[in-house]
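Numbering (the numbering used here), first residue to last: 676 to 819. Here the structure is laid out as structure tokens; the discussion comes afterwards.
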């Protein structure tokens with residue numbers, strides 16, 4: 676749900692910053708202090724899910740694989756590909772998507788917000804409830 680809030684916030688801030696501007700989106704440089712502060716707060720909040728994405732799945736994969744007897748490199752590589760492929764799809768589709776909406780990315784952020792909301796709801800409803808007894812404590816040593 677943090678991603679939903681971040682993407683919705685980005686959509687709102689982008690629309691807010693465009694209210695007095697009538698040129699191209701790429702030329703918005705002189706945003707007022709309130710817009711800059713809101714953008715900074717939103718991107719700082721988006722750092723938390725990004726940190727989780729960059730660390731938790733790889734740590735969990737490494738721990739599960741070590742219990743099974745090896746293959747950490749292969750499993751971590753497959754996990755990395757599953758993270759990178761959607762990023763490549765977004766990068767390749769960004770240009771045509773932006774040109775559909777007059778070279779603006781506000782609709783892309785709105786779509787990302789809606790998808791993040793649906794993913795948060797589905798994840799909350801479908802993921803099994805885990806208890807503390809399912810997890811083993813690991814020390815601070817080791818890692819990737």
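Yeah, the Cβ is synthetic: ideal placement off N, Cα and C, and Gly gets one too. Keep in mind that this is a model prediction, so the values were computed, not measured.
Within the same chain, show all residues whose beta-carbon is closer than 7 Å to that of residue 702, passing over the 5 residues directly before and after it, in chain order.
Confidence at residue 702 is low in this model, with a pLDDT of 49, below 50, so its placement is unreliable and no value can be given for it.
Alpha carbon to alpha carbon, how far is residue 677 from residue 724? Give it in angstroms, no decimals.
Spanning the two alpha carbons is a distance of roughly 7 Å.
What separation, rounded to the nearest whole angstrom, lies between the Cα atoms of residue 717 and residue 726?
Approximately 15 Å between the Cα atoms of the pair.
Going by DSSP in three states, residue 802 sits in which element: helix, strand or coil?
When secondary structure is reduced to three states using DSSP, residue 802 falls in the coil class, being assigned neither helix nor strand.
Assess, as a yes-or-no matter, whether the region 679–696 is touched by the region 788–804 under the definition of 3 or more beta carbon pairs within less than 8 Å.
Yes, the region 788–804 touches the region 679–696.
With the cut-off set at 9 Å, would you say residue 787 and residue 769 are in Cβ contact?
No, the Cβ-Cβ distance between residue 787 and residue 769 is not below 9 Å.
Can you tell me whether residue 712 is buried or exposed? The criterion is at least 16 other CB atoms within 10 Å of its CB, across all chains shown.
Residue 712 counts as exposed, since fewer than 16 other C-beta atoms from the protein chains shown sit within 10 angstroms of its C-beta.
Would you grab the beta carbon distance between residue 686 and residue 781 for me? Rounded to a whole angstrom, and I think it's under 8 Å.
Distance from residue 686 to residue 781 at the Cβ level is roughly 6 Å; contact confirmed, criterion being Cβ atoms closer than 8 Å.
What distance in whole Å lies between the Cβ atoms of residue 747 and residue 753, which are believed to be in contact at a cut-off of 8 Å?
11 Å between Cβ atoms; not a contact.
Give the DSSP-derived three-state secondary structure of residue 770 in the structure shown.
Under the three-state reduction of DSSP, residue 770 is assigned to helix.
Under 8 Å by Cβ, that's how I've got residue 714 and residue 688 pegged, so tell me the actual separation to the nearest angstrom.
Contact flag correct, Cβ pair sits at about 5 Å.
Test item: CB-CB of residue 732 and residue 759 under 9 Å:
It is not a contact, given that the beta carbons lie outside the stated cut-off.
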